[in-house]
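**Student:** Residue numbers (this note's numbering): 799 to 1088. Glycine is no exception: its CB is placed at the ideal position from the N, C-alpha and C atoms. Predicted, not measured: the structure shown is a model, and the values here were computed from it. Handing you this structure, nothing more for now.
Encoded structure:
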């Protein structure tokens, strides 16, 4: 049976990679400057244009993907006789995964023999993208659906996310972190370093003085925790700070030999809650302990 991988636009992988690997992407939507947009990887509203609007003070909001949208997408492939794996944005950061589960239950009632798995990635941005990438690599390597699902479930909490933001105001406004955690963002030239815990929630780990030190801290965390780097493609994502993303890559690769590094923009849905200047690196370690 042919297997179809589905994800959502919070994966922040490149459209070229997703198209080449025949991944079905379900878009989130966002509202900005009195207009509604699909998160279509910068086609309608370019990434730089989005972040320029955010920097100018425009406030963006996001909407969940509905159960109906999921059911429609899942049904298409189930009715074609395909097996389906949906790898979704962390349930701790959005109610969207609950809608995917609801859709899955509806489909299984209608098609009891459907081969459909929904996976809570407990991840965000290219953390989710990393799992989609691994699923695609396994699929192209001849692994079957059960093998892929089992590997993703067994390894998803080994996926580390380390990131920094210029300000915690956006995370606070979106309810992603507490007001207490956000307070450190107001301190003079103090930058937060955060990661994602086993539940898929954001947590502030430490604060460092200055942007350069924050970026170096991301590289240091990778160097301390990555396992089998030569076998890994690591991912760096950014909120319109390409030069700093390249700098982070250089800090990592001068000391650690990795298989490859992919650098992508963070899209508007995640960018709404982080603001411009967010910088993230994801890689596999032994777990998510800080």
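Taking just the CA atoms, how far does residue 1049 sit from residue 826?
**Tutor:** Using only the alpha carbons, I get a separation of about 33 Å.
**Student:** Suppose the cutoff is 7 Å on Cβ atoms and the five residues either side in sequence are ignored; what does the same chain contact list for residue 1009 look like?
**Tutor:** Excluding sequence neighbours, residue 1009 sits near 989.
**Student:** By the three-class DSSP mapping on this structure, what secondary structure does residue 1078 have?
**Tutor:** Note: residue 1078 maps to strand in three-state DSSP.
**Student:** Could you tell me whether the segment 1014 to 1021 touches the segment 949 to 964, using the rule of 3 or more Cβ pairs below 8 Å?
**Tutor:** Short answer: they touch.
**Student:** Based on the DSSP output, what are the partners of residue 962 in its beta bridges?
**Tutor:** Answer by DSSP bridge pairing, in chain order: 991, 1077.
**Student:** Thinking C-alpha only, which one of 892, 930, 1033 is nearest residue 864?
**Tutor:** The option with the nearest alpha carbon to residue 864 is 892.
**Student:** By Cβ distance, which residues of its chain are closer than 8 Å to residue 898, with the 5 residues on each side in sequence left out?
**Tutor:** These residues qualify, in order along the chain: 863, 865, 868, 884, 886, 916.
**Student:** Mind checking whether residue 1035 and residue 993 have CB atoms under 8 Å apart?
**Tutor:** For residue 1035 and residue 993, no; Cβs fall outside 8 Å.
**Student:** Indicate whether the contact test is met: 3 or more Cβ pairs, each with one atom in the segment 901 to 914 and one in the segment 1037 to 1054, closer than 8 Å.
**Tutor:** At 8 Å Cβ cutoff, the stretches do not touch.
**Student:** So, with DSSP's three-state summary, where would you put residue 909?
**Tutor:** In this structure, residue 909 counts as coil in the three-state DSSP scheme.
**Student:** Tell me the DSSP secondary structure of residue 881 in three-state form.
**Tutor:** In the structure shown, residue 881 sits in a strand (DSSP, three-state: E or B).
**Student:** So, using beta-carbon positions, are residue 848 and residue 1067 closer together than 8 Å?
**Tutor:** Not a contact, by the Cβ cut-off of 8 Å.
**Student:** By the three-class DSSP mapping on this structure, what secondary structure does residue 873 have?
**Tutor:** Here residue 873 sits in helix by DSSP.
**Student:** What's the gap between the Cα of residue 1085 and the Cα of residue 935?
**Tutor:** Near 22 Å, if we compare the C-alpha coordinates of residue 935 and residue 1085.
**Student:** Can residue 1073 and residue 852 be called in contact, C-beta distance under 8 Å?
**Tutor:** Yes.
**Student:** Could you name the residues of the same chain whose beta carbon sits closer than 8 Å to that of residue 810, not counting the 5 residues immediately before and after it, in chain order?
**Tutor:** Cβ within range, chain order: 923, 924, 926, 927, 1035, 1062, 1063, 1064, 1065, 1068.
**Student:** Taking the alpha-carbon positions, what's the residue 1000 to residue 1077 distance?
**Tutor:** Distance between the alpha carbons of residue 1000 and residue 1077: 14 Å.
**Student:** Going by CA-CA distance only, name the one from 800, 1056, 1075, 996 that's closest to residue 1087.
**Tutor:** It is 996 whose Cα lies nearest to the Cα of residue 1087.
**Student:** Counting C-beta neighbours from all protein chains within 10 Å, is the total for residue 1003 16 or more, i.e. buried, or is it exposed?
**Tutor:** Residue 1003 is exposed by the Cβ-count criterion.
**Student:** In terms of residue numbering, what span does the alpha helix (DSSP H) encompassing residue 938 cover?
**Tutor:** Start and end: 924 to 938.
**Student:** Tell me the DSSP secondary structure of residue 900 in three-state form.
**Tutor:** Note: residue 900 maps to helix in three-state DSSP.
**Student:** Could you work out which residue in 932, 967, 938, 1006 is closest to residue 951 when comparing CA atoms only?
**Tutor:** With distances taken between Cα atoms, residue 951 lies closest to 932.
**Student:** Which of helix, strand or coil does DSSP assign to residue 1004?
**Tutor:** Reduced to three states, the DSSP call for residue 1004 is strand.
**Student:** Do you know offhand how far residue 929's Cα is from residue 919's?
**Tutor:** Cα to Cα, the separation comes out at about 7 Å.
**Student:** What are the boundary residues of the beta strand (DSSP E) that includes residue 839?
**Tutor:** Careful: residue 839 lies outside any beta strand (DSSP E) and carries neither H nor E.
**Student:** State the Cα-Cα distance for the pair residue 913 and residue 987, rounded to the nearest angstrom.
**Tutor:** Approximately 52 Å between the Cα atoms of the pair.
**Student:** Specify the secondary structure class of residue 1083 as computed by DSSP and reduced to three states.
**Tutor:** Residue state, collapsed to three classes: coil.
**Student:** According to DSSP, which residues form a beta bridge with residue 1064?
**Tutor:** In the DSSP output, where bridge partners are listed per residue, residue 1064 has none listed.
**Student:** To the nearest whole angstrom, what separates the beta carbons of residue 1070 and residue 860, a pair I think is in contact under 8 Å?
**Tutor:** Sure, about 5 Å apart at Cβ, within 8 Å.
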